[in-house]
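Student: In my numbering, the protein residues as written are 97 to 279. The structure that follows is given in the form of structure tokens.
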């Protein structure tokens with residue numbers, strides 16, 4: 097039995113993660129429970145050493161005391177404030193008036209506002225969702241094709257990866273031991 101478990105550990109871990117999620121556990125708790133449960137099984141089978149769990153408090157404290165990673169919740173909070181306060185929608189209206197006379201001016205405005213929102217949030221999902229909620233109804237109201245409107249929103253949202261400071265660059269700078277400004 098233990099040889100079967102050792103040989104098929106990865107698929108079993110994946111299947112148990114799917115079961116945790118299907119039962120309705122939040123992702124964070126499902127990941128933690130899955131990791132701890134299979135870590136204990138790995139120690140019992142001799143695949144892992146008990147020092148793995150002894151180092152866990154030091155790793156958690158090390159991550160919690162990392163000042164660079166504070167940018168992640170702050171960027172997410174900033175994007176939420178921009179979307180909930182209506183500032184992003186006001187910015188889209190203002191830039192839409194600037195590009196109004198141009199053919200496809202609203203699409204240009206969506207790309208520009210998406211770039212600004214991406215630079216302030218740093219998260220692709222947050223900027224795409226925010227721009228989708230804000231600009232898709234406006235673009236459809238002005239007669240834009242659904243495919244074009246969704247393509248423009250997706251393209252403007254993915255600018256969050258390349259416009260510094262994105263969260264991916266912040267995490268990569270932390271892992272590489274470099275400053276965020278150098279990245």
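C-beta: ideal position from N, C-alpha, C; glycine also. The structure presented is a predicted model; accordingly, all values stated were derived computationally and were not measured.
1) In whole angstroms, what separates the C-alpha of residue 142 from that of residue 126?
2) Can you confirm whether the region 247-254 touches the region 133-153 when touching is taken to mean that 3 or more C-beta pairs between the two stretches lie within less than 8 Å?
3) By how many angstroms is the C-alpha of residue 265 removed from the C-alpha of residue 155?
4) Roughly how many angstroms lie between the CA atoms of residue 180 and residue 243, to the nearest whole one?
5) Rounded to whole angstroms, what is the Cα-Cα separation between residue 110 and residue 205?
6) What is the DSSP secondary structure of residue 226, counted as helix, strand or coil?
7) Check whether the Cβ atoms of residue 262 and residue 227 lie closer than 9 Å to each other.
8) Within the continuous alpha helix (DSSP H) that includes residue 191, where are the two ends?
Tutor: Reading off the structure:
1) Numbered from 1 along the chain shown, position 46 holds the residue referred to as residue 142. Numbered from 1 along the chain shown, position 30 holds the residue referred to as residue 126. Taking the straight line from one Cα to the other gives about 24 Å.
2) no
3) To locate residue 155, count along the chain shown from 1; it is residue 59. To locate residue 265, count along the chain shown from 1; it is residue 169. So the alpha carbons of these two residues sit roughly 21 Å apart.
4) Your numbering for residue 180 matches position 84 in the chain shown. Your numbering for residue 243 matches position 147 in the chain shown. Going by C-alpha positions, residue 180 is about 26 Å away from residue 243.
5) Here residue 110 is taken as the residue at index 14 of the chain shown, counted from 1. Here residue 205 is taken as the residue at index 109 of the chain shown, counted from 1. Whole-angstrom Cα-Cα distance: 43 Å.
6) Here residue 226 refers to the residue found at position 130 of the chain shown. Note: residue 226 maps to helix in three-state DSSP.
7) Counting from 1 along the chain shown, the entry for residue 262 is found at position 166. Counting from 1 along the chain shown, the entry for residue 227 is found at position 131. It is not a contact, given that the beta carbons lie outside the stated cut-off.
8) Sequence index remark: in the chain shown, residue 191 carries index 95 (1-based). Here the alpha helix (DSSP H) through residue 191 covers 183-194.
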